[in-house]
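**Q** Attaching a single structure in structure tokens format; questions to follow.
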Amino acid sequence: MTSSRFIRYDYRIVLVESHGDTSARVRKLIRKNRLTQKDVAAEIGISQQLFTNKLHGRANYTLRDLSRIAEFFDVSLDYLVGRSNEQKGNKR
């Protein structure tokens, strides 16, 4: 009998690669939708200061952050991290 392994996925996984692309795209979405950093931070459940630090590269985005940002702006994760230039669409 084989033993089953359960893999626990942790939202604290940090995405370091292409951080600059991610921040640039998030800033672009914020401007395009005429929002503030405070608006987005509140929507994704983190403080404005932490969100600002992520945008400036002083803190890393987590998978949870990225998935919430993508859902809020209705774009794909691939778009946010620079793997695709196609957005799914705009929520706002």
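Letter by letter, the sequence shown follows residues 7 to 98 of my numbering.
Glycine included, C-beta positions come from ideal geometry on N, C-alpha and C.
Cα separation between residue 52 and residue 71?
**A** Walking along the sequence shown from the start, residue 52 turns up at place 46. Walking along the sequence shown from the start, residue 71 turns up at place 65. Rounded to the nearest angstrom, the two C-alpha atoms are 9 Å apart.
**Q** Who are the near neighbours of residue 56 in its chain, counting only those whose CB is closer than 8 Å to its CB and skipping five residues on each side?
**A** Taking the first residue of the sequence shown as position 1, residue 56 is located at position 50. The answer, listed in chain order, is 47 and 65.
**Q** If you reduce the DSSP assignment to three classes, tell me which class residue 68 lands in.
**A** On the sequence shown, residue 68 is found 62 positions in, with the first residue counted as 1. Reduced to three states, the DSSP call for residue 68 is strand.
**Q** Suppose contacts are defined by Cβ-Cβ distances below 8 Å. Is residue 69 in contact with residue 76 by that definition?
**A** The residue you call residue 69 lines up with position 63 of the sequence shown. The residue you call residue 76 lines up with position 70 of the sequence shown. It is not a contact, given that the beta carbons lie outside the stated cut-off.
**Q** Mind reading off the beta-carbon distance from residue 90 to residue 61? Whole number of angstroms is fine, and I expect it under 8 Å.
**A** Position 84 of the sequence shown, counted from the start, is the residue given in the question as residue 90. Position 55 of the sequence shown, counted from the start, is the residue given in the question as residue 61. Not quite, the Cβ-Cβ distance comes to about 21 Å (not below 8 Å), so this is no contact.
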